[in-house]
Amino acid sequence: SAAVTGTPLSDLEIRLDDGTWAAVTASPVMFTGLAGGIHTITVRRISDYTCLIAKETTVIEEPCDNLICTYTQGFYGNAGGIACTEEGSFTSLQLIQRSLDNMDGVIDNIGSMYIGLAGNSFTVSYTNANNLIGLLPGGGDISVLMADYNYMNVPLNKQNRIKNGLLAQTIVLGLNLNMHTDASNSVGNFVLEGGKYLVTVKRAASSTCEDPLMADCAIELNAMKSWKIPANVVDALPAPKDVWALYKLASDALGGAVLPVGVSLNDIHMTVDRINNAFDNCRYFLRWSDVNEVCPIPIIEPVISSEPSIETRVAEVNTVGFEVYPVPFENEITIKYKFDYNSFVRIEMYDSSGNVILSKVDNDGYLNKEIQLYLNMNIGKEQMYIVRLTTDRESVVKKIISTK
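Quick note on our numbering: the sequence shown kicks off at 99 and runs consecutively.
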């Protein structure tokens with residue numbers, strides 16, 4: 099709403115953004131059904147159009163009350179993993195059993211997952227749920243299945259995990275689709291938009307499984323993340339272009355079905371992987387965006403105080419995650435991962451004003467891996483820069499200085 103002051107009201111007009119001017123008959127003036135974002139409200143005198151005033155206001159889109167839940171290969175392949183959902187807490191084995199049991203729509207300790215087509219398939223049953231844990235996380239070849247496989251004869255890599263990245267991700271998507279006893283809560287019903295970024299927000303660390311709350315970027319720097327969904331894959335899906343259709347496309351592709359024109363196995367693998375990650379550990383859908391949205395980097399003002407500054411306290415918390423060197427640097431830095439798990443990694447570098455000057459994604463992060471970054475730009479002397487590293491578990495910020 100907009101409170102309008104001025105006399106007489108009959109001499110005033112108002113409009114929202116670039117819309118039609120309307121007479122002011124009462125105050126306040128109500129605007130409804132607005133999209134999220136910044137809107138401009140302008141008021142002018144009818145008797146003198148040069149007499150006007152404009153104000154900006156921001157409308158916040160609140161996400162749906164319900165979370166969308168998925169888990170990644172890392173969870174399903176960890177015998178000690180605990181899932182936290184609105185329906186309760188489950189171990190990785192319990193959630194796998196729950197999903198396999200629910201494949202036929204009946205909870206009766208009987209059920210199985212079938213991926214692929216006759217002659218080129220993978221099958222796992224409820225009774226073999228525990229064996230599936232040892233096969234994940236998988237990776238490696240992205241290819242059509244060459245026979246009818248089960249947990250005993252599926253090709254494995256050197257780590258004795260599934261040696262087919264698309265199969266491993268499709269298994270995980272199938273488990274995610276069926277984890278809820280009420281199918282209306284499934285990620286399968288989520289409708290995809292190709293060529294746009296899927297923006298989600300994590301559950302607040304302070305909230306509980308049964309009573310979740312949306313995290314606040316001001317408190318949790320990694321609360322918001324974005325994943326770009328390939329347009330060619332979504333365009334190939336039948337209406338309503340939801341995740342159920344994506345799962346069928348992946349399953350058929352593994353079975354050797356003819357792929358849609360312009361779509362590769364790698365494209366399908368990328369899309370399935372991003373859906374599994376986008377709602378990992380239960381996240382809120384925020385919106386579809388044309389740009390990669392993350393929480394804005396906090397700009398910390400200097401504080402003169404005998405107490406530790408906010409900047410100091412942040413630095414004390416973020417003492418692990420990665421190393422960066424040399425410091426000071428000239429036009430090249432090396433990032434060395436110090437987290438002890440496998441994860442995708444997003445590396446971002448900001449200048450002191452909070453502008454992104456470099457962004458890189460590494461889909462295969464692991465302990466002590468080193469990444470070299472070359473800065474093809476003019477680097478100011480003795481300037482502070484901020485490096486943020488985000489994995490599927492944490493976001494860590496460090497500050498570095500350029501050379502003299």
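Ideal Cβ placement from N, Cα and C applies to all residues, glycine included.
DSSP, reduced to helix, strand and coil, places Ile366 within a helical segment of the structure shown. The alpha-carbon separation between Gly263 and Asn320 amounts to approximately 27 angstroms. Spanning the alpha carbons of Ser493 and Lys339 requires a straight line of approximately 32 angstroms. Contact between the stretch 322 to 341 and the stretch 419 to 428 is absent: fewer than 3 CB-CB pairs across the two stretches fall below 8 angstroms.
DSSP, reduced to helix, strand and coil, places Met277 outside both helices and strands of the structure shown, so it counts as coil. Per DSSP, the continuous alpha helix (DSSP H) segment holding Trp342 begins and ends at 341 to 352. For Asn287, no alpha helix (DSSP H) encloses it, and the DSSP letter there is neither H nor E. Taken through DSSP and simplified to helix, strand or coil, Gln481 comes out as coil.
Proximity of the stretch 289 to 306 to the stretch 351 to 365 falls short of the contact definition, fewer than three beta-carbon pairs being nearer than 8 angstroms.
Counting along the chain, Gln171 sits inside the alpha helix (DSSP H) bounded by residues 171 to 174. Between Ser324 and Ser387 a beta carbon distance of about 7 angstroms is seen, short of the 8 angstroms cut, so the two are scored as contacting.
For Asn330, the uninterrupted alpha helix (DSSP H) segment begins and ends at 329 to 334. Looking at Asn283, Met277, Ala152, Leu296, the one whose alpha-carbon comes closest to that of Leu191 is Met277. In the DSSP secondary-structure assignment, Gly463 is bridged to Ser441. Taking C-beta atoms under 8 angstroms as the contact rule, Ile433 and Ile469 qualify, at a distance of about 5 angstroms. When DSSP states are grouped into helix, strand and coil, Asn375 belongs to the helix group. Our two residues, Val370 and Asn379, have alpha carbons roughly 16 angstroms apart in a direct line.
The DSSP assignment places complete alpha helix (DSSP H) segments of no fewer than 4 residues inside the stretch 203 to 283 at 227 to 231, 263 to 275, in order along the chain.
The stretch 277 to 290 makes no contact with the stretch 253 to 267: fewer than 3 CB pairs, one atom from each, lie closer than 8 angstroms.
When the Cα atoms are used, Lys497 and Asn207 turn out to be separated by approximately 53 angstroms. Judged by DSSP in its simplified three-state form, Met447 adopts strand. Per DSSP, Leu198 is one residue of the alpha helix (DSSP H) stretching across 190 to 199. By DSSP's assignment, Lys153 forms a beta bridge with Ile139. Residue state for Ser305 is assigned as coil, using DSSP reduced to three classes.
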